[in-house]
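One structure is given below, encoded as C-alpha cells.
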Ligand code: COA
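Numbering (the numbering used here), first residue to last: 196 to 465.
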C-alpha cells in the first residue's frame, strides 16, 4: 500500500472478517451464533482468503481466530451433511482438504491459530493445519466425530498423529473427549496457553518477530518442515534443495551483509 492510502485493507466476505494491517492478515471466522461452525460458504471464503495471503507480498503472516469468547470453531457445520452418502462424504472431505486445510498448511507465510474457545472436529483440524497454535486457557480441543458415527475428514487423523503421536491421537479420537488447553500444551498440540485477554497479543508478538525475518527463507523453511514425515518424500533432500536455493536470493546477501556490518537486516523478499 502506497503513501496516502489507508494503513489497513478490509476484504469483504459474508462469513469471515479479513483485515490486512501492518503486514499481518487477520482472519476471524464470524458465525458466532453457530459457534463459528464451518459451512460450505465459510470454507469457500477461507480458501479465497488463503490464496490472497499467498499471492500478496505485503502479507508476512496470518492470524486465524474465531469471533466471540466461546468458540474458535465448533466443527464442520453438521446441518449441511446430515443426508450425505459415501460419494458426497468423500467429495466433502477431498474438497475441504485440498482447498482449505492443505492450502493453509502449504501457505508460505506463517499461519498462527489463536484458539479462543471450543476447537472441535473441523475446528481442531483447522487449527492443526496452521503452523503454530496458541490457545486461551478456556479452550477445549477435541475430535468428537465418532459421536456422530463419523471420523475426522479434514486431515485430523493424520495431523493429530503427527503432532501428539499415534497413541494419544487414537485415544482422543476414539473417546471423543475434548482436552483442556493445558493438557494440549503438555502433549504438544498447542505451542502456548495464555489468558483470553492475552491471546491476540501473544500471536502478534510472534508475528512481529516473523515479519522481520527473510520471507523467502520462511517459505523455504515451511516447505522443508512440511516434508518431514510425508511418505514418498525425502525431507532431507527437500531441505538440501531449499537450502541451496536460498543462496540465490537478495535476502541472503542482505542478511549476511547486515551481520558483517553489525546492522539490522532489511529484507525485500527477493
Ligand atoms: N454444526 C452446526 N451447528 C453447530 C455446530 C456444528 N458443528 N456446533 C454448534 N452449532 C450450533 C448449535 O446447533 C446452536 O445453534 P442453534 O442456536 O441454532 O440451536 C449454536 O451453534 C450454539 O450451540 P449450542 O450447542 O447451543 O452451545 P452449547 O454451549 O450448549 O454447546 C458445544 C457447545 C460445542 C459443546 C456444542 O455446540 C457441540 O457439541 N457442537 C458440535 C461439536 C461437534 O460435534 N463438532 C464436530 C462436527 S464434525
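We put the beta carbon where it would ideally sit given N, CA and C, even for glycine. All values reported here derive from a predicted model rather than from experimental measurement.
C-beta neighbour in chain C for residue i, strict 9 Å
i, result
"residue 350", "The chain inventory of the structure shown lacks chain C, comprising one protein chain alone."
Contact test: residue i Cβ vs ligand 2 heavy atom, cutoff 8 Å
i, result
"residue 343", "No copy of ligand 2 appears in this structure; the ligands present are ligand 1."
Cutoff 8 Å; reference residue i; Cβ partners in own chain excluding five residues on either side
i, result
"residue 369", "341"
"residue 371", "337, 338, 339, 340, 341 and 342"
"residue 295", "238, 241, 242, 245, 321, 324 and 349"
"residue 210", "224, 225, 226, 234, 236, 237 and 240"
"residue 399", "219 and 258"
"residue 465", "411, 444, 445 and 446"
"residue 288", "348 and 349"
Cβ shell of residue i (< 7 Å), same chain only, five flanking positions each side left out
i, result
"residue 358", "323, 383 and 384"
"residue 414", "303"
"residue 421", "300 and 301"
"residue 402", "219, 256, 258 and 307"
"residue 379", "330, 336 and 385"
"residue 150", "Since the first and last residues shown for the chain are 196 and 465, residue 150 lies out of range."
"residue 461", "449"
Backbone CA spacing between residue i and residue j [nearest angstrom]
i, j, result
"residue 318", "residue 435", "34 Å"
"residue 393", "residue 286", "39 Å"
"residue 355", "residue 437", "26 Å"
"residue 265", "residue 455", "49 Å"
"residue 305", "residue 233", "22 Å"
"residue 395", "residue 221", "10 Å"
"residue 214", "residue 248", "11 Å"
"residue 381", "residue 361", "16 Å"
"residue 417", "residue 429", "15 Å"
"residue 366", "residue 231", "26 Å"
"residue 448", "residue 431", "24 Å"
"residue 297", "residue 427", "17 Å"
"residue 397", "residue 388", "9 Å"
"residue 344", "residue 424", "29 Å"
"residue 290", "residue 457", "49 Å"
"residue 376", "residue 262", "18 Å"
"residue 278", "residue 251", "39 Å"
"residue 276", "residue 439", "46 Å"
"residue 353", "residue 217", "34 Å"
Same chain, Cβ closer than 6 Å to residue i, neighbours up to 5 away in sequence not counted
i, result
"residue 327", "307 and 386"
"residue 463", "445"
"residue 419", "433, 434 and 437"
"residue 260", "223, 309 and 311"
"residue 374", "336"
"residue 364", "355 and 356"
"residue 528", "The chain is shown from 196 up to 465; residue 528 falls before or after that span and cannot be answered."
"residue 208", "240"
"residue 351", "320 and 338"
- [ ] Would you check if there are 3 or more beta carbon pairs closer than 8 Å linking the segment 279 to 293 to the segment 328 to 342?
- [x] Short answer: they don't touch.
Open item on the list: Quick check for students: name the residue ranges of the alpha helix (DSSP H) that lie wholly in the segment 301 to 348, counting only runs of 4 or more.
Closed with: Listed in chain order, they are 317 to 324.
Open item on the list: Across the segment 305 to 322 and the segment 335 to 342, are there enough close Cβ pairs to call them in contact, namely three or more that are closer than 8 Å?
Closed with: Between the segment 305 to 322 and the segment 335 to 342, the count of C-beta pairs closer than 8 Å reaches three or more; the two stretches touch.
Task: Contiguous beta strand (DSSP E) assignments of at least 3 residues, all confined to the segment 209 to 256 - done: When DSSP assignments are scanned along the segment 209 to 256, the uninterrupted stretches of beta strand (DSSP E) that are 3 or more residues long and fall wholly within it turn out to be 211 to 216 and 219 to 224.
- [ ] Output the residue ranges of the beta strand (DSSP E) runs that lie fully inside the segment 382 to 430 and measure 3 residues or longer, sorted by chain position.
- [x] Runs of the beta strand (DSSP E) lying entirely within the segment 382 to 430 and spanning at least 3 residues, in chain order: 387 to 389.
TODO: Kindly confirm or deny that the segment 400 to 418 and the segment 265 to 273 touch, where touching means at least three C-beta pairs closer than 8 Å.
DONE: By the criterion of at least three beta-carbon pairs nearer than 8 Å, the segment 400 to 418 is not in contact with the segment 265 to 273.
Task: Continuous alpha helix (DSSP H) assignments of at least 4 residues falling wholly in the segment 269 to 306 - done: Listed in chain order, the complete alpha helix (DSSP H) runs (minimum 4 residues) inside the segment 269 to 306 are 281 to 291 and 297 to 301.
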